[in-house]
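Peer 1: Please read through the structure below; I'll follow up with questions.
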Amino acid sequence: MANVGKFIAIGLNYADHAAESGLPVPKEPVVFTKANSCIQGPNDPVMLPKGSVKTDWEVELGVVIGTRARYVSQKNALDYVAGYCTINDISEREYQIERGGTWDKGKGCDTFGPLGPWLVTRDEIENPQKLSMWLDLNGQRVQTGSTKTMIFSVAKIVSYVSQFMTLMPGDVITTGTPPGVGMGMKPPLYLKKGDVMTLGIEGLGEQRQEVIPFKL
């Protein structure tokens with residue numbers, strides 16, 4: 003997707019994912035950013051950062067802004083949405099959690115933002131809160147969920163974020179992941195060279211990424 007100005011993300015937006023992460027359910031949306039330099043195609047390889055030992059996967063619903071949004075109401079928030087897409091919010095957990103408490107460090111590494119394959123316009127998605135989603139690792143299902151279990155709806159998120167920054171056409175918001183990430187497994191499981199992720203969201207298409215080692 004071209005012309006992405008801001009790449010905004012919402013953390014812990016599924017109660018069961020918050021639980022597997024050992025964190026309380028947030029009272030307000032947790033907002034952080036992904037560097038737009040991490041954006042890539044839906045089937046491009048994902049590169050492990052230099053020295054990474056805790057790179058993880060997260061299937062998420064992406065929201066693409068279509069109209070300038072500033073202090074918009076929740077009631078009218080979806081009017082500012084151009085459409086929706088599938089996103090894999092790749093995350094390096096050591097960088098995210100153990101390197102000073104700034105989530106952005108583990109979220110914006112190169113190749114960590116696969117988008118697509120399609121931008122499905124708002125009129126084609128009757129209800130963004132009724133979309134099934136899944137992710138397989140090496141052919142084994144690890145994430146199964148639905149946007150119906152989101153703590154904060156798409157409308158709430160767009161309205162909320164617009165209170166803190168002006169959202170512009172082309173901005174992307176990724177809205178959180180259901181349970182089944184590697185960090186939540188016992189023992190934890192993280193990505194390694196040669197792993198293959200396949201993922202998708204109902205009506206929004208599928209992605210496939212092979213994990214490759216770090217290279218300059």
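Under this note's numbering, think of the first position of the sequence shown as 3, with each following residue one higher. Using N, Cα and C, we set each Cβ at its ideal position, and we do this for glycine too.
Apart from the five residues just before and just after Lys132, which ones in its own chain have a Cβ nearer than 6 Å to its Cβ?
Peer 2: Cβ neighbours of Lys132 beyond the five flanking positions: Lys150.
Peer 1: Name, in chain order, the residues that DSSP records as bridge partners for Gly115.
Peer 2: Answer is Ile41.
Peer 1: Check this for me: beta carbons of Leu137 and Leu201, under 8 Å apart or not?
Peer 2: Yes.
Peer 1: Mapping the DSSP letters down to three states, classify Tyr97 as helix, strand or coil.
Peer 2: In the structure shown, Tyr97 sits in a helix (DSSP, three-state: H, G or I).
Peer 1: In terms of residues, what are the limits of the alpha helix (DSSP H) holding Ser161?
Peer 2: Per DSSP, Ser161 belongs to the alpha helix (DSSP H) from Val156 to Val163.
Peer 1: Out of curiosity, what's the CA-to-CA distance linking Gln165 and Gln76?
Peer 2: In a straight line, the C-alpha of Gln165 is about 11 Å away from that of Gln76.
Peer 1: If you measure between the beta carbons of Asp106 and Thr176, is that distance less than 8 Å?
Peer 2: No, the pair does not count as a contact, with Cβ atoms beyond the cut-off.
Peer 1: Span of the alpha helix (DSSP H) holding Asp18?
Peer 2: Residues Ala17 to Glu22.
Peer 1: Taking all protein chains shown into account, do 16 or more other C-beta atoms lie within 10 angstroms of the C-beta of Phe114, making it buried, or fewer, making it exposed?
Peer 2: Buried, because 16 or more other Cβ atoms sit within 10 Å of the Cβ of Phe114.
Peer 1: Closest to Ala17 by CA distance: which of Arg124, Lys194 and Thr179 is it?
Peer 2: Closest option to Ala17, Cα to Cα, is Thr179.
Peer 1: Could you tell me which residues DSSP puts in a beta bridge with Ala71?
Peer 2: DSSP output for Ala71 lists Leu169 as bridge partner(s).
Peer 1: If I measure Cβ to Cβ from Thr168 and keep anything under 8 Å in the same chain, skipping five residues before and after, which residues do I get?
Peer 2: The answer, listed in chain order, is Arg70, Ala71 and Arg72.
Peer 1: By alpha-carbon positions, which one of Val6, Glu22, Ile10 and Lys8 ends up nearest to Met187?
Peer 2: Ranking Val6, Glu22, Ile10 and Lys8 by Cα distance to Met187 puts Glu22 first.
Peer 1: Is Glu30 helix, strand or coil when you go by DSSP?
Peer 2: Three-state result, Glu30: coil.
Peer 1: For Pro119, tell me which candidate among Arg210, Leu14, Gly13 and Gly24 has the shortest Cα-Cα distance.
Peer 2: Nearest option by C-alpha distance: Arg210.
Peer 1: Do Ile127 and Tyr97 come within 8 Å of each other at the CB atom, strictly closer than that value?
Peer 2: Result no, Cβ atoms of Tyr97 and Ile127 do not sit closer than 8 Å.
Peer 1: Pull up the DSSP beta-bridge partners for Val55, would you.
Peer 2: Looking at the DSSP assignment, Val55 forms no beta bridge with any residue, so it has no partner.
Peer 1: Please report the residue range of the beta strand (DSSP E) in which Val213 lies.
Peer 2: Its beta strand (DSSP E) spans residues Gly207 to Ile214.
Peer 1: Kindly give me the distance between the Cβ atoms of Thr146 and Gly182, rounded to whole angstroms, as I take these residues to be in contact under 8 Å.
Peer 2: Going by Cβ atoms, the distance from Thr146 to Gly182 rounds to 7 Å, so yes, they are a contact pair.
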